[in-house]
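Asks: What follows is a structure written as structure tokens; I'll ask about it next.
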Amino acid sequence: MSDLLKNHVAGAWIAGQGAGSALVDPLTGAELARVSSAGLDLPAAFDFARRQGGAALRALSYGQRAATLAATAKLLQANRDAYFEIATANSGTVRNDSAVDIDGAIYTLSQYAKWGAALGDAHALLDGPRMPLAKDGVFGSQHVLTPTRGLALFINAFNFPAWGLWEKAAPALLSGVPVVVKPATATAWLTQRMVADVVDAGLWPAGALSIVCGGSAGLLDALQPFDVLSFTGSAETAATIRRHPAVAERSVRTNIEADSLNSALLLADAAPGSEAFDLLVREVVREMTVKSGQKCTAIRRVFVPEAMVGAVGEAIAGKLARVTVGNPRNESVRMGALVSREQLASVQQGIAALSEQARVVHDGRATPLVDADPAVAACIGPTLLAAHDAQAADRVHAHEVFGPVATLLGYRGIDEALDLIRRGEGSLVASVYGSEPRALADAALALADSHGRVHVVSPEVAGTHSGHGNVMPQSLHGGPGRAGGGEELGGLRALGFYHRRAAVQAGAGVLDQVAAAPWSL
Ligand code: NAP
Numbered sequence: 086m087s088d089l090l091k092n093h094v095a096g097a098w099i100a101g102q103g104a105g106s107a108l109v110d111p112l113t114g115a116e117l118a119r120v121s122s123a124g125l126d127l128p129a130a131f132d133f134a135r136r137q138g139g140a141a142l143r144a145l146s147y148g149q150r151a152a153t154l155a156a157t158a159k160l161l162q163a164n165r166d167a168y169f170e171i172a173t174a175n176s177g178t179v180r181n182d183s184a185v186d187i188d189g190a191i192y193t194l195s196q197y198a199k200w201g202a203a204l205g206d207a208h209a210l211l212d213g214p215r216m217p218l219a220k221d222g223v224f225g226s227q228h229v230l231t232p233t234r235g236l237a238l239f240i241n242a243f244n245f246p247a248w249g250l251w252e253k254a255a256p257a258l259l260s261g262v263p264v265v266v267k268p269a270t271a272t273a274w275l276t277q278r279m280v281a282d283v284v285d286a287g288l289w290p291a292g293a294l295s296i297v298c299g300g301s302a303g304l305l306d307a308l309q310p311f312d313v314l315s316f317t318g319s320a321e322t323a324a325t326i327r328r329h330p331a332v333a334e335r336s337v338r339t340n341i342e343a344d345s346l347n348s349a350l351l352l353a354d355a356a357p358g359s360e361a362f363d364l365l366v367r368e369v370v371r372e373m374t375v376k377s378g379q380k381c382t383a384i385r386r387v388f389v390p391e392a393m394v395g396a397v398g399e400a401i402a403g404k405l406a407r408v409t410v411g412n413p414r415n416e417s418v419r420m421g422a423l424v425s426r427e428q429l430a431s432v433q434q435g436i437a438a439l440s441e442q443a444r445v446v447h448d449g450r451a452t453p454l455v456d457a458d459p460a461v462a463a464c465i466g467p468t469l470l471a472a473h474d475a476q477a478a479d480r481v482h483a484h485e486v487f488g489p490v491a492t493l494l495g496y497r498g499i500d501e502a503l504d505l506i507r508r509g510e511g512s513l514v515a516s517v518y519g520s521e522p523r524a525l526a527d528a529a530l531a532l533a534d535s536h537g538r539v540h541v542v543s544p545e546v547a548g549t550h551s552g553h554g555n556v557m558p559q560s561l562h563g564g565p566g567r568a569g570g571g572e573e574l575g576g577l578r579a580l581g582f583y584h585r586r587a588a589v590q591a592g593a594g595v596l597d598q599v600a601a602a603p604w605s606l
């Protein structure tokens, strides 16, 4: 039996009790490590994080915490090779796909370090302008943001063990709020190694960064009113979390990032052979294959004018046929494994469910594997489907197949396309392809209320756009409705989640001090 990965709580490394759960290589099924959170005293661990970690973090200024974020990014950068090895073994990803997670994490940390440095010596933030409350102009109101005196608990999904931690931890630590992360069991190793490297380097005060690997039992029970909770995962687990007394009764502020039926929309001016047409084809192929489609932002539904379904299908299928699938350690392989055999079974079931309402245009289930045993490896090729009737294909608008799978849907006019996209009931991202600025802007604004991000691709950004599925820390990540209703990133606005907003009503002399003096705790 392999070793248990230790938890870091109350400033100490502690192994959980019992045999724990196994983490495996999704290509070979070999056991890599085990995790257990059994027997941990979570209330004591959380108390330590709040009292020791929180107080020590709040004693630092934003600028000092930003400098520590920069040092954290540098340390992770120095250990990058080890992280790639773990990702290949535990997530089954090829190097380029591991980079989305690992380099994405380091980039996000670096950005917050840069933005935080600009906040300098301050210990609290002003929120908006001062507003008069009396005719004399002396008595007024100033909203302020101060770091919450609780901890931030992150419960994360399996698909981003590196970025999923640091995209949340960067704004939390910059805000002065201690972090407890519970990674998804299947891929906890990379998160645990990164936390171990950072803790052992002594960059942050004791209690600032804790990790619980293994089961989630007791985590939510240990939350108190000033704590915040950020969850990423399935809609089903999200619903359980929303009902928990910590959230329902103790008002723990909660951010939820759940599943999403993201769309790509080809506008009518983008005829076959046009640059915008080719840009959509390239992006759909990229989104289906990067991380084997296990990205919350991946394109699941592709909307094209009805007359173009055949041409778009042919163009995408032609490229998918050239995608090599199998052992991520083999340099000829472009797409590695799914995270587990369970995930493979779920993707196969998903394809079967969708194919009752859509025909299979390119069947990834028939893709031969390179250097991998189909009886053992969690591998499957990319599968493209096309629905005969976009309106009737209700499963395509509701069932997120979390793998290399997308469905083409024809539309008859832009209003129908927008209505069909909204059948996703709120998504993380929609991308729009065309070359006519007015039509692109109209579509972007029409989709903005049902998406956290609208990514517009026209020939002028062909070589520079950041990609439909890439989450950039500059832009909001999250989405309304089914996507969970969460909001992350988007530059310094992410700090709002980790602060409490209050109005200070006082005379001008006091408000001048509030605005000018570095906060004294
Ligand atoms: P999941 O099964 O819901 O698990 C997510 C996390 O919740 C894991 O850490 C899991 O721990 C934990 N968990 C499970 N039951 C829990 C409970 N009762 N109380 C508290 N925590 C609990 O989701 P997943 O399979 O890892 O991730 C896939 C899903 O995540 C997809 O639907 C995808 O769209 C979504 N996702 C969304 C985003 C986004 O930003 N919107 C990003 C990535 C993924 P264990 O692993 O130990 O069970």
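Every position in the sequence shown, counted from 1, becomes a number in our numbering once 85 is added. Ideal Cβ positions, reconstructed from N, Cα and C, are used throughout, including at glycine. None of these values were measured; they are calculated from a predicted model.
(1) Determine the direct distance from the alpha carbon of L112 to that of S336, and round the result to whole angstroms.
(2) Using the rule of at least 16 other Cβ atoms within 10 Å of the residue's Cβ for burial, across every protein chain shown, is S605 buried or exposed?
(3) Which ranges would you report for the beta strand (DSSP E) in the segment 314-382 if only whole runs of at least 3 residues count?
(4) I'd like the ranges of any alpha helix (DSSP H) spanning at least 4 consecutive residues and lying wholly in the segment 572-605.
(5) In this structure, how does DSSP classify D456 when only helix, strand and coil are distinguished?
(6) Just reading off the beta strand (DSSP E) that L117 is part of, what are its end residues?
(7) Using the Cα positions of T339 and D458, report the straight-line distance between them to the nearest angstrom.
(8) What are the boundary residues of the alpha helix (DSSP H) that I171 is part of?
(9) Would you identify the three-state DSSP class for N415, choosing helix, strand or coil?
(10) Can you list, in chain order, the residues of its chain with a C-beta nearer than 6 Å to that of L352? Leave out the 5 residues immediately preceding and following it.
(11) Given that a residue counts as buried once 16 or more other Cβ atoms are within 10 Å of its Cβ, and exposed if not, what is E485?
(12) Confirm the yes/no value for this check: CB of T276, any heavy atom of the ligand NAP, distance under 7 Å.
(13) Does the distance from the CB of H536 to the CB of S512 come in under 8 Å?
(14) Could you please give the first and the last residue of the uninterrupted alpha helix (DSSP H) stretch that includes G189?
(15) Going along the chain, which unbroken runs of the beta strand (DSSP E) with 3 or more residues stay wholly within the segment 208-294?
(16) Under 8 Å, do W251 and L577 count as touching if we go by C-beta distance?
(17) Taking contact to mean 3 or more Cβ pairs, one atom from each stretch, closer than 8 Å, check whether the segment 127-145 and the segment 227-235 are in contact.
(18) Tell me the DSSP secondary structure of G148 in three-state form.
(19) Between A361 and S516, how many whole angstroms is the CB-CB distance? I'm expecting something under 8 Å.
(20) Buried or exposed for S380, please, with buried defined as at least 16 other CB atoms from any protein chain shown within 10 angstroms of its CB.
(21) Just to confirm, does G569 get its C-beta within under 7 Å of one of the non-hydrogen atoms of the ligand NAP?
(22) Could you give the C-beta distance for T193 and W248, rounded to a whole number, given that I count them as a contact under 8 Å?
(23) Run through DSSP, which three-state label would T157 get?
(24) May I ask you to check if the CB of D344 is nearer than 7 Å to at least one heavy atom of the ligand NAP?
(25) With hydrogens ignored, establish whether the beta-carbon of T178 is closer than 7 Å to any heavy atom of the ligand NAP.
(26) Is F311 helix, strand or coil when you go by DSSP?
(27) Heavy atom of the ligand NAP less than 7 Å from the Cβ of E485, yes or no?
(28) Quick check: does the Cβ of S319 come within less than 7 Å of any heavy atom belonging to the ligand NAP?
(29) What did DSSP end up calling V546 once you bin it into helix, strand or coil?
Replies: According to the data block:
(1) For S336 and L112, the distance between alpha carbons rounds to 43 Å.
(2) Because S605 sits at a pLDDT of 44, beneath the cut-off of 50, its placement in the model cannot be relied upon, and the point is left open.
(3) Within the segment 314-382, the complete beta strand (DSSP E) runs of at least 3 residues are 338-342, 347-351.
(4) Correct list: 593-601.
(5) Residue state for D456 is assigned as coil, using DSSP reduced to three classes.
(6) Boundaries of the beta strand (DSSP E) around L117: 116-120.
(7) Those two C-alpha atoms are separated by around 42 Å.
(8) In the DSSP assignment, I171 falls within the alpha helix (DSSP H) that extends over 165-176.
(9) The three-state reading of DSSP puts N415 in coil, since its state is none of H, G, I, E or B.
(10) Here L352 has G519, A524 as same chain residues with Cβ atoms under 6 Å from its own Cβ, once five neighbours each way along the sequence are excluded.
(11) So E485 counts as buried.
(12) For the ligand NAP, no non-hydrogen atom lies closer than 7 Å to the CB of T276.
(13) Result yes, Cβ atoms of H536 and S512 sit closer than 8 Å.
(14) Membership of G189 in the alpha helix (DSSP H) is indicated by the continuous run 180-202.
(15) Complete beta strand (DSSP E) runs here, min 3: 210-217, 225-232, 237-240, 264-267.
(16) No, they are not a contact pair.
(17) Verdict: yes, contact present.
(18) Correct three-state label for G148: helix.
(19) Contact flag wrong, Cβ pair sits at about 11 Å.
(20) For the record, residue 380 in the displayed sequence is Lys; it is not Ser. Residue burial annotation: K380 is buried, with at least 16 other C-beta atoms found within 10 angstroms of its C-beta.
(21) Yes, the Cβ of G569 comes within 7 Å of a heavy atom of the ligand NAP.
(22) T193 to W248, Cβ: 7 Å. Contact.
(23) Correct three-state label for T157: helix.
(24) D344: yes, Cβ under 7 Å from the ligand NAP.
(25) Because no heavy atom of the ligand NAP lies under 7 Å away, the Cβ of T178 does not count as near it: no.
(26) The answer is coil: DSSP assigns F311 none of H, G, I, E or B.
(27) E485 has its Cβ nearer than 7 Å to a heavy atom of the ligand NAP.
(28) A heavy atom of the ligand NAP is found nearer than 7 Å to the CB of S319.
(29) Here V546 sits in helix by DSSP.
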